[in-house]
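All remarks here apply to the structure that follows.
Protein chains: 2
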Amino acid sequence: MSGAALSKGPIFFGPFLVTSQVCGRHLFFSLTPFLVRMSPLSFLVFYITPLSFALVNLKPILPGHVLVSPRRCVPRVADLTPAETVDLFLTVRRIGRMVERVFGASSLNIAIQDGLDAGQSVPHVHAHLIPRRGADLDARGGTDAIYSMLDGDEGDLGRIHREMESEEKRATKMTPSNHRRSGFPAVDNDRRVARSEGEMTHEAEMLAREMEKEPED
Amino acid sequence: MSGAALSKGPIFFGPFLVTSQVCGRHLFFSLTPFLVRMSPLSFLVFYITPLSFALVNLKPILPGHVLVSPRRCVPRVADLTPAETVDLFLTVRRIGRMVERVFGASSLNIAIQDGLDAGQSVPHVHAHLIPRRGADLDARGGTDAIYSMLDGDEGDLGRIHREMESEEKRATKMTPSNHRRSGFPAVDNDRRVARSEGEMTHEAEMLAREMEKEPED
């Protein structure tokens, strides 16, 4: 499924408006101040198809950790239409290939917390894609330690909002380390470093360009 | 994608032959001795579509934990054709609905260890589907403790073989507890109780019947 033929219109992740306007395969990142006000989180989104979209993380578990969601805001995979299911997972496969290539990985974790009792935080279907490399978590408990890190921070856009506001207040005294990804983040979410809007925007723009290079199916 | 129109032919999970003959939507469970010899693990499989199949587990992490695989034996999601990807995930969605209903669950974990460095044990794409209920893992570390249990036991059919041979040797002194599912299994795989062939056959037959009740998309 190509991302080329896009319908226009807003996209929400849970209750949060994440896009205002789309063009071609990816977003206009130079949104007008009006649109930015309407959609303060649009910088997170790097790819949109007719029925799905993909966004970067505030606190990636490992470099390249991204999310893929259906455009229609429904909580459960069983709520998706067959067409939405097909589009979502073809998008998961395509973005998975891309992040694995771009982040120099050799494997991929794909995980969906489908419903509250499975650990879902935002009631909007989302697949975690996490590029993996050999021994990347040896110091943190081994290969499968990745899963204990999947505890809901991903979609907490309310927290992203709040943390961004705090970041803005600190902006005048920002040090370079605030802008740099911190290697492999700690297991505990609270110890993972929240990235700046600038860093996330840069990554989303880079991933949007990389998706242009990704061959069609 | 319906399971009704099936091509005949053997199906492998990794190097292991898991089916010999199919009819309608599910297997003939009354295989001839010859076919049983050809396919000693066929009792694990409860659903087959033109491009995918589903099987029960020797040591389910929680009741209803099943696997869904493409019929073609390839290690990575990126190796699948678009048609295989579509069939696999429509099958995941359909079987997810069924196990959630049958096991009285309210949510579902869906996880793919896509490649060796993501924790994959058998080099054949497989999605874990694990029905979840509120507080089902509170005594074992909380909702997300499920992931630490996903450490490769699922597809170790070589181990299934070996354990079944041991079970057979103990068959004459089998107690009822060997045949009963042990509530919520321990976190450590080695403490999880291997189920008997009889129990797995019974579950696979039950799930095959339940898939007959599952509405088409």
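Protein chains in written order, with full-length UniProt numbering: chain A, 1 to 217; chain B, 1 to 217. No residue lacks a Cβ here, since even glycine has one placed at the ideal position from N, Cα and C.
| field | Partner residues on chain D for S107 of chain A, Cβ-Cβ distance less than 9 Å | value | Absent here is chain D; the protein component of the structure consists of chains A and B.
| Within-7 Å CB hit, V187 of chain A to chain B | Per-residue confidence for V187 of chain A stands at a pLDDT of 30, beneath the threshold of 50, marking its modelled position as unreliable; the derived number appears in the next sentence. No, because no Cβ of chain B sits closer than 7 Å to the Cβ of V187 of chain A.
| request: Measure the alpha-carbon distance for I11 of chain B versus G119 of chain A and round it to whole angstroms. | output: Near 34 Å, if we compare the C-alpha coordinates of G119 of chain A and I11 of chain B.
| message | Below 8 Å on C-beta distance, what does residue 219 of chain B contact in chain A? | response | Lying outside 1 to 217, the shown extent of chain B, residue 219 of chain B is not represented and no answer is given.
| message | Does any residue of chain B have a CB that is nearer than 7 Å to the CB of G134 of chain A? | response | Yes - at least one Cβ of chain B is within 7 Å of the one on G134 of chain A.
| query | Below 8 Å, can you find three or more Cβ-Cβ pairs linking the region 88-99 of chain B to the region 123-131 of chain B? | reply | Under the Cβ criterion (8 Å, minimum of three pairs), the region 88-99 of chain B counts as touching the region 123-131 of chain B.
| Identified DSSP bridge partners for residue 233 of chain A | No statement about residue 233 of chain A is possible, as the shown extent of chain A runs from 1 to 217 and does not include it.
| task | Please state if the CB of A78 of chain A and the CB of V68 of chain A are separated by a distance shorter than 7 Å. | result | No, Cβ-Cβ distance for V68 of chain A and A78 of chain A is not below 7 Å.
| query | Closer than 7 Å, CB to CB, is R140 of chain B near chain A or not? | reply | It does not; no Cβ of chain A falls within 7 Å.
| For residue 251 of chain A, is the classification buried or exposed, using 16 other Cβ atoms within 10 angstroms of its Cβ as the cut-off for buried? | Past the edges of chain A, shown from 1 to 217, lies residue 251 of chain A, and the structure says nothing about it.
| Residues that E114 of chain A bridges to, as DSSP identifies them | In the sequence on display, residue 114 of chain A carries Asp and not Glu. Looking at the DSSP output, D114 of chain A shares a beta bridge with B:L108.
| Quick one: Cα of E197 of chain B to Cα of V66 of chain B, how far? | One Cα belongs to E197 of chain B, the other to V66 of chain B, and the distance between them is close to 15 Å.
| request: Could you work out which residues of chain A lie near I110 of chain B, taking near to mean beta carbons separated by less than 9 Å? | output: In chain order: V77, I110, A111, I112, Q113, D114, A118, A127.
| So is E212 of chain B buried or exposed if we call it buried at 16+ other beta carbons inside 10 Å? | Classification for E212 of chain B: exposed.
| According to the neighbour-count rule (16 or more other Cβ atoms, all chains shown, within 10 Å of its Cβ), is R132 of chain B buried or exposed? | With at least 16 other beta carbons inside 10 angstroms of its own, R132 of chain B counts as buried.
| message | Among A:T85, A:V99, A:L58, A:P82, whose alpha-carbon lies nearest the alpha-carbon of G64 of chain A? | response | Distances from the alpha-carbon of G64 of chain A to those of A:T85, A:V99, A:L58, A:P82 put A:V99 closest.
| request: Confirm, please, whether the CB-CB distance from V56 of chain A to M200 of chain A is below 7 Å. | output: At the C-beta level, M200 of chain A and V56 of chain A come within 7 Å of one another.
| I104 of chain B: buried (16+ other C-beta within 10 angstroms of its C-beta) or exposed? | According to the sequence displayed, residue 104 of chain B carries Gly and not Ile. By the 10 Å Cβ count, G104 of chain B comes out exposed.
| task | Could you list which residues in chain B have their beta carbon closer than 7 Å to that of G9 of chain A, in chain order? | result | Correct list: empty, because the minimum Cβ distance to chain B is about 25 Å.
| query | Is P215 of chain B buried or exposed, if buried means 16 or more other CB atoms sit within 10 Å of its CB? | reply | It is exposed - the Cβ of P215 of chain B has fewer than 16 other Cβ atoms within 10 Å.
| request: Starting from the beta carbon of G96 of chain A, find every residue of chain B whose beta carbon is closer than 8 Å, and list them in chain order. | output: The answer, in chain order, is V77, A78, D114.
| task | Give every residue of the same chain whose Cβ lies closer than 6 Å to the Cβ of P75 of chain B, excluding the five residues on either side of it in the sequence, and list them in chain order. | result | Within the same chain, P123 come within 6 Å of P75 of chain B by CB-CB distance, once the 5 residues on both sides are set aside.
| query | Taking residue 223 of chain A as the reference, which of B:C73, B:S121, B:G142 has the closest Cα? | reply | Given a span of 1 to 217 for chain A in the structure shown, any question on residue 223 of chain A remains unanswerable.
| request: May I ask you to report which of helix, strand or coil DSSP gives F89 of chain A? | output: If DSSP states are grouped into helix, strand and coil, F89 of chain A belongs with the helices.
| field | Top-ranked residue by Cα proximity to E210 of chain A, from A:R101, A:L51, A:P60 | value | In terms of CA proximity to E210 of chain A, A:R101 leads the group A:R101, A:L51, A:P60.
| said: Mapping the DSSP letters down to three states, classify A127 of chain B as helix, strand or coil. | reply: A127 of chain B falls in the strand class under three-state DSSP.
| Do you know whose CA, among A:F43, A:T85, A:L58, A:L62, lies nearest S52 of chain A's CA? | Check the Cα spacing between S52 of chain A and each of A:F43, A:T85, A:L58, A:L62: the tightest is with A:T85.
| query | Between the C-alpha atoms of G141 of chain A and I61 of chain A, what's the straight-line distance to the nearest angstrom? | reply | Cα-Cα distance, rounded: 14 Å.
| task | Determine the closest residue to A135 of chain B out of A:L116, A:A135, A:F13, A:A139, with distance taken between C-alpha atoms. | result | Comparing alpha carbon positions, the residue from A:L116, A:A135, A:F13, A:A139 closest to A135 of chain B is A:L116.
| said: According to DSSP, F12 of chain A sits in a beta bridge with which residue or residues? | reply: Answer is A:L17.
| DSSP bridge partner residues for A54 of chain A (one or two, in chain order) | A:Y47, A:V68.
| said: How far does the alpha helix (DSSP H) with L207 of chain A in it extend, from its first residue to its last? | reply: In the DSSP annotation of this structure, the continuous segment of the alpha helix (DSSP H) that includes L207 of chain A starts and ends at 197-213.
| request: Decide if D138 of chain B is buried, meaning its Cβ has at least 16 other Cβ atoms within 10 Å, or exposed. | output: Around the beta carbon of D138 of chain B, fewer than 16 other beta carbons lie within 10 angstroms, which makes this residue exposed.
| request: Rounded to whole angstroms, what's the CA-CA distance from K59 of chain B to L44 of chain B? Just pull it up for me. | output: Straight across, the Cα-Cα distance linking K59 of chain B with L44 of chain B is about 12 Å.
| Of all Cβ atoms in chain A, is any one closer than 7 Å to the Cβ of T49 of chain B? | Residue contact with chain A for T49 of chain B: absent (no Cβ-Cβ distance below 7 Å to any residue of chain A).
| Which of the three DSSP states, helix, strand or coil, is assigned to R76 of chain B? | Note: R76 of chain B maps to coil in three-state DSSP.
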